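Heads up: the structure comes next, in structure tokens.
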Amino acid sequence: MKRRNFLKASWLGLLALAGGESAFIGLKFVSPHVDAGEFGGLFDVGAVDDFPSGSVTPFVNGRFYLVRLNDGGFLAVYRQCTHLGCSVPWNAEQQQFVCPCHGSAFERDGEVLNPPAPRPLDLFALTIKDGQIRVDTGKRIERDHADDRYVVYPEATA
Amino acid sequence: MSDFVQRVVESISRGEPLTPTDDRSRMRAVMNNLVLHLHPSKVAAPSIKLTYTWGLGGLAVLLSAVLVVTGVMLMFVYTPSPDTAYQNMQNLQTDIRFGQLIRNLHHWSGNAMIVVVVLHMLRVLFTNALHRPREFNWLLGLSLLLLTGAANFTGYLLPWDQRAYWAITVGVSLLQYVPVVGEGIGRFILGGPEVDATTLTNFYGLHVAVIPLMLFGIMSFHLWRTRKDGFSIPRRIGTVISEKVERVTTIPHLISREAVFALVMIAILLTWAALVDAPLEEAADPAHSPNPAKAAWYFMGIQELLLHFHPFFAAIVIPVLGLVGLVVLPYLEPDVDGEGIWFLSVKGRWLALLGTVMGVAGTVLLVLVDEYVLNLPELLPSLPTILSNGWIPLAWLLGLLWLYWELLRGLFRAYRSEARLSLFCLLLASFITLTVIGIAFRGEGMALVSPL
Ligand code: HEM
Ligand code: FES
Chain H
279 MKRRNFLKAS
289 WLGLLALAGG
299 ESAFIGLKFV
309 SPHVDAGEFG
319 GLFDVGAVDD
329 FPSGSVTPFV
339 NGRFYLVRLN
349 DGGFLAVYRQ
359 CTHLGCSVPW
369 NAEQQQFVCP
379 CHGSAFERDG
389 EVLNPPAPRP
399 LDLFALTIKD
409 GQIRVDTGKR
419 IERDHADDRY
429 VVYPEATA
Chain C
631 MSDFVQRVVE
641 SISRGEPLTP
651 TDDRSRMRAV
661 MNNLVLHLHP
671 SKVAAPSIKL
681 TYTWGLGGLA
691 VLLSAVLVVT
701 GVMLMFVYTP
711 SPDTAYQNMQ
721 NLQTDIRFGQ
731 LIRNLHHWSG
741 NAMIVVVVLH
751 MLRVLFTNAL
761 HRPREFNWLL
771 GLSLLLLTGA
781 ANFTGYLLPW
791 DQRAYWAITV
801 GVSLLQYVPV
811 VGEGIGRFIL
821 GGPEVDATTL
831 TNFYGLHVAV
841 IPLMLFGIMS
851 FHLWRTRKDG
861 FSIPRRIGTV
871 ISEKVERVTT
881 IPHLISREAV
891 FALVMIAILL
901 TWAALVDAPL
911 EEAADPAHSP
921 NPAKAAWYFM
931 GIQELLLHFH
941 PFFAAIVIPV
951 LGLVGLVVLP
961 YLEPDVDGEG
971 IWFLSVKGRW
981 LALLGTVMGV
991 AGTVLLVLVD
1001 EYVLNLPELL
1011 PSLPTILSNG
1021 WIPLAWLLGL
1031 LWLYWELLRG
1041 LFRAYRSEAR
1051 LSLFCLLLAS
1061 FITLTVIGIA
1071 FRGEGMALVS
1081 PL
């Protein structure tokens, strides 16, 4: 390689490197980071017995509904519509979630009753220990269909 | 003392008198002056007729200036935080003297700018001033259109009322339907999973710094290119531009026109802003979406598409196809010499009208059919909705457009340029019709309702 070409290539290489570095620093600088304790953290929502079967209880700060199915199993349902992100209220009269924005409707367990929503409402990871329920709003679960895979049942009481 | 003033004035104009009186020094004044440098020193007399450009490009420049002045004023009384933003807006309207007026001016100029930039683009297209050597300036113009949209979109969130919160939520959610990268980009823009404090600071930074700087950089480039490419010259069908078309000096012929036009426009804008208040709804409440949650008016066309297509098609495929079309358009060689002629030719004018009528009628018809008669996902329950509500109807539509093209070329024996123009008018009319339906005919639960 001629010296002139080598120098030219080096300049270009260095320029690309500098550009890449700047872009990296810029991107990292503005990237989102999660703070613990707020939405995105853990929520202790109470004891199993506080929630009768067939109940739907909203948790505003956690942005989810604690759903107890008729068979006694628990789900933490994220309130954000899977269509375009509106907040979905529980309609106690019709016993379903109805989105005000474009009319999607969801079953108690999140299953789609009415499009345009393309998939059931998302869930948050839920655990039960010593009768106490804990929801991790940092762990969102997307489902294609609402089966009972994610339903959590309380330990059998003695 | 007066010597000193004289000395300062001279240094501004690089030694020339500020108000030159003969043509030679007028031309030199243009060459040597930073502001006027964006203009050529002489222009063809017909090009600066108001009924050719309609002053639309200049109006866009004027509106940007108004936006900067009022925007900087608003920055002094606004803090981009969910705890304060909404209160700042209320203060602006009740406590701060002329606060409402300044907000109104900023709000209406921003909205007007979208309309003006689109109309300017249509003027350029309909007078066929977009082909060689102006193709690249057309692309610069397109970037300006996108930036104008981005400026409006980021500004929309800042009042932090219900309208702002949910329009941005729905708008950014559209990104999740972009395959692979969409969700990541959405999270990045919002600074998290939902619209919150981080989103507000992000949007604020973009709105007051990043976008305006880009806008002004590209705008200067755009104006400089209009000057370099030579301004297109209007003419009647069947005439050619004579060698000795009259050329006049920019000062005073163009400058004085621009000044008068700007003053009239400022008067109209002030009157409007004094009479019509910018909307402010209740404070943003992330727990409760309003019904119906409507997007910003300039997205109503896409929102209406969303009711008919799988989101991937309504929000991604169709808009991207449209944008690609606009990028390619100036590079398609014209087969009619139409530069400076409205709608190319006599036939071009009729076919443009035909396209517009077909666009309006076809869109109304299809919306009604989809609303009341046809439910593709229900008819084809075994198919995923991305097929039944995406590929299949899109293929149908493209087929119809192809038929229309064949009709123009075969039956009407149109030149390619004329057929392209007619097709463009059809698509444009269709988009405008969708926007009107979205704004005026959609009510609670997005059902079709009468606007009265
Ligand atoms: C912020 C947005 C914009 C500003 C401030 C702006 C400004 C201007 C100005 C002042 C002119 C001189 C003539 C006139 O007023 O019509 C012009 C010409 C032109 N603009 Fe724009 N423009 C903008 C957006 C656009 C867009 C969206 C397009 C097209 C996609 C475009 C394409 C052109 C072309 C091709 C010309 C040359 C026209 C000719 O020679 O007849 N511009 N622009
Ligand atoms: S956001 Fe819920 S239906 Fe569109």
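Protein chains in written order, with our numbering: chain H, 279 to 436; chain C, 631 to 1082. By construction, the Cβ of each residue, glycine as well, lies at the ideal position given by its N, Cα and C atoms. Owing to the predicted nature of the structure, the values given are computational and were not obtained by experimental measurement.
is_contact[C:G800, chain H] using C-beta, thresh 7 Å | For the purposes of this step, residue 800 of chain C is identified with residue 170 of the second sequence, where counting begins at 1. This sequence places Val at residue 800 of chain C; Gly is not what is there. Chain H, which has a Cβ nearer than 7 Å to the Cβ of C:V800, makes this yes.
For the beta strand (DSSP E) that contains C:N1019, what are its first and last residues?
-> Along the second sequence, one-based indexing puts residue 1019 of chain C at 389. Counting along the chain, C:N1019 falls outside any beta strand (DSSP E), and DSSP gives it neither H nor E.
Would you tell me roughly how many angstroms separate the C-alpha atoms of C:L1028 and C:G955, rounded to the nearest one?
-> If you number the second sequence from 1, residue 1028 of chain C lands on position 398. If you number the second sequence from 1, residue 955 of chain C lands on position 325. Rounded to whole angstroms, the separation of the alpha carbons of C:G955 and C:L1028 is 14 Å.
Span of the alpha helix (DSSP H) around C:K977 = Here residue 977 of chain C corresponds to residue number 347 of the second sequence, with the count starting at 1. In this chain, the alpha helix (DSSP H) harbouring C:K977 covers 976–1002.
Residues that H:P374 bridges to, as DSSP identifies them = Taking the first sequence and counting its residues from 1, the one referred to as residue 374 of chain H is at position 96. Correcting the residue type first, residue 374 of chain H is Gln in the shown sequence and not Pro. In the DSSP output, where bridge partners are listed per residue, H:Q374 has H:N369.
Opposite C:L676 in the DSSP bridges: which residues?
-> Within the second sequence, residue 676 of chain C is the residue found at index 46, counting from 1. A small fix is needed here, since residue 676 of chain C is Pro in this sequence, not Leu. Residue pairing by DSSP places C:P676 opposite no residue, since no beta bridge is assigned to it.
Alpha helix (DSSP H) segments (min. 4 residues) lying fully within the segment 803–834 of chain C | Those alpha helix (DSSP H) runs which fall completely within the segment 803–834 of chain C and span 4+ residues are 812–820.
Which of the three DSSP states, helix, strand or coil, is assigned to C:N1005?
-> Locating residue 1005 of chain C in the second sequence gives position 375, counting from the first residue. Coil, per DSSP.
What three-state label does DSSP hand H:R282 in the structure shown?
-> Sequence index remark: in the first sequence, residue 282 of chain H carries index 4 (1-based). In the displayed model, H:R282 falls within a helix according to three-state DSSP.
Name, please, each residue of chain H whose Cβ falls closer than 8 Å to the Cβ of C:W684.
-> To locate residue 684 of chain C, count along the second sequence from 1; it is residue 54. Neighbours of C:W684 on chain H: none; closest Cβ ~37 Å, over 8 Å.
Kindly indicate the opening and closing residues of the alpha helix (DSSP H) around C:Q717.
-> On the second sequence, residue 717 of chain C is found 87 positions in, with the first residue counted as 1. For C:Q717, the enclosing alpha helix (DSSP H) starts and ends at 715–724.
Could you spell out the range, first to last residue, of the beta strand (DSSP E) harbouring H:G324?
-> Locating residue 324 of chain H in the first sequence gives position 46, counting from the first residue. Counting along the chain, the beta strand (DSSP E) containing H:G324 begins and ends at 320–325.
For H:Y356, name the three-state secondary structure that DSSP assigns.
-> One-based indexing of the first sequence puts residue 356 of chain H at position 78. Reduced to three states, the DSSP call for H:Y356 is strand.
Spell out the partners DSSP gives H:A403 in its beta bridges.
-> For the purposes of this step, residue 403 of chain H is taken as the residue at position 125 of the first sequence. DSSP output for H:A403 lists H:D414 as bridge partner(s).
For C:R865, which residues does DSSP report across the bridge?
-> Numbered from its first residue, the second sequence carries residue 865 of chain C at position 235. Answer by DSSP bridge pairing: none, since C:R865 is not bridged.
Whose Cβ in chain H lies nearer than 8 Å to the Cβ of C:W796?
-> Taking the first residue of the second sequence as position 1, residue 796 of chain C is located at position 166. C364, C379, listed in chain order.
Have a look at C:L1033 and C:A1049 and give me their C-alpha separation to the nearest angstrom.
-> By one-based count along the second sequence, residue 1033 of chain C stands at place 403. By one-based count along the second sequence, residue 1049 of chain C stands at place 419. It is roughly 12 Å from the alpha-carbon of C:L1033 to the alpha-carbon of C:A1049.
For C:M1076, count neighbouring C-beta atoms within 10 Å of its own C-beta (all shown protein chains included) and say buried if the count is 16 or more, exposed if not.
-> Within the second sequence, the letter at position 446 stands for residue 1076 of chain C. So C:M1076 counts as buried.
Where C:N921 meets chain H, residues with beta-carbon distance less than 8 Å | Indexing the second sequence from 1 puts residue 921 of chain C at position 291. P378, C379, listed in chain order.
Within chain H, partners of C:F783 - CB distance below 9 Å = As a working note, residue 783 of chain C is residue 153 in the second sequence. Under the 9 Å cutoff, chain H gives no residues; its nearest Cβ is about 15 Å from C:F783.
Same chain only: Cβ atoms within 6 Å of C:L787, ignoring 5 sequence neighbours per side | Your numbering for residue 787 of chain C matches position 157 in the second sequence. Non-local C-beta neighbours of C:L787 in its own chain, meaning closer than 6 Å and more than five positions away in sequence, comprise A794, I798, F833, ordered along the chain.
Just mark H:K417 as buried or exposed, buried being the case when its beta carbon has 16 or more other beta carbons within 10 Å.
-> In the first sequence, residue 417 of chain H corresponds to position 139, counting from 1. If you draw a 10 Å sphere on the C-beta of H:K417, you find fewer than 16 other C-beta atoms in it, and that means exposed.
At a Cβ cut of 8 Å, what residues of the segment 1011–1033 of chain C count as close to chain H, listed as they run along the chain?
-> Those residues of the segment 1011–1033 of chain C placed with their C-beta closer than 8 Å to a C-beta in chain H are T1015, ordered along the chain.
Any idea what DSSP makes of C:I615, helix, strand or coil?
-> Since the displayed chain C opens at 631 and closes at 1082, residue 615 of chain C lies outside it and no answer follows.
Which value, in whole angstroms, describes the spacing of the CA atoms of C:L776 and C:V747?
-> Stepping through the second sequence from its first residue, residue 776 of chain C is reached at position 146. Stepping through the second sequence from its first residue, residue 747 of chain C is reached at position 117. Rounded to the nearest angstrom, the two C-alpha atoms are 10 Å apart.
Counted within 10 angstroms of its Cβ, other Cβ atoms place C:W790 as buried (16 or more) or exposed | On the second sequence, residue 790 of chain C is found 160 positions in, with the first residue counted as 1. By the neighbour-count criterion, in which a residue is buried when 16 or more other Cβ atoms sit within 10 angstroms of its Cβ, C:W790 is buried.
Under 7 Å Cβ to Cβ from C:L692, same chain only, skipping five residues before and after it: list those, please.
-> By one-based count along the second sequence, residue 692 of chain C stands at place 62. Cβ neighbours of C:L692 within its own chain (closer than 7 Å, five residues either side excluded): A892, M895.
From the DSSP output, in three-state form, read off C:R633 for me.
-> Reading the second sequence from its first residue, position 3 is the one you call residue 633 of chain C. In the sequence as displayed, the identity of residue 633 of chain C is Asp instead of Arg. In this structure, C:D633 counts as helix in the three-state DSSP scheme.
Taking only runs that begin and end inside the segment 1044–1077 of chain C, name each unbroken alpha helix (DSSP H) of 4 or more residues, in chain order.
-> For the segment 1044–1077 of chain C, the full-length alpha helix (DSSP H) segments reaching 4 residues or more read 1046–1070 along the chain.
H:A314 in three-state terms, based on DSSP = Numbered from 1 along the first sequence, position 36 holds the residue referred to as residue 314 of chain H. Residue placement at H:A314 is flagged as unreliable, the pLDDT there being 47, under the threshold of 50; the coordinate-derived value follows with that caveat. DSSP places H:A314 in coil when its eight states are reduced to three.
Taking just the CA atoms, how far does C:K924 sit from C:E912?
-> If you number the second sequence from 1, residue 912 of chain C lands on position 282. If you number the second sequence from 1, residue 924 of chain C lands on position 294. Each residue's alpha carbon lies about 15 Å from the other.
With a CB to CB cut of under 7 Å and the five nearest residues on each side skipped, what residues in its chain are close to H:V355?
-> Here residue 355 of chain H refers to the residue found at position 77 when the first sequence is read from its first residue. If we look at H:V355 and ignore the five residues flanking it on each side, its Cβ neighbours are F342, Y343, V345, G388, L399, L401.
For chain C, is any of its Cβ atoms less than 7 Å away from the one on H:V338?
-> Position 60 of the first sequence, counted from the first residue, corresponds to residue 338 of chain H. For H:V338, the answer is yes, since a Cβ of chain C falls inside 7 Å of its Cβ.
Among H:P394, H:F352, H:E299, H:Q374, the one whose alpha carbon lies nearest that of H:V429 | Against the first sequence, residue 429 of chain H aligns to sequence position 151. The option with the nearest alpha carbon to H:V429 is H:F352.
So does the segment 930–950 of chain C actually touch the segment 1008–1026 of chain C, counting three or more Cβ pairs closer than 8 Å?
-> Three or more beta-carbon pairs separated by less than 8 Å link the segment 930–950 of chain C to the segment 1008–1026 of chain C, which places the two stretches in contact.
Just the C-alpha distance for C:Y961 and C:R762, rounded to the nearest angstrom, thanks.
-> Working through the second sequence from its first residue, we reach residue 961 of chain C at position 331. Working through the second sequence from its first residue, we reach residue 762 of chain C at position 132. Put simply, the backbone Cα of C:Y961 is about 8 Å away from that of C:R762.
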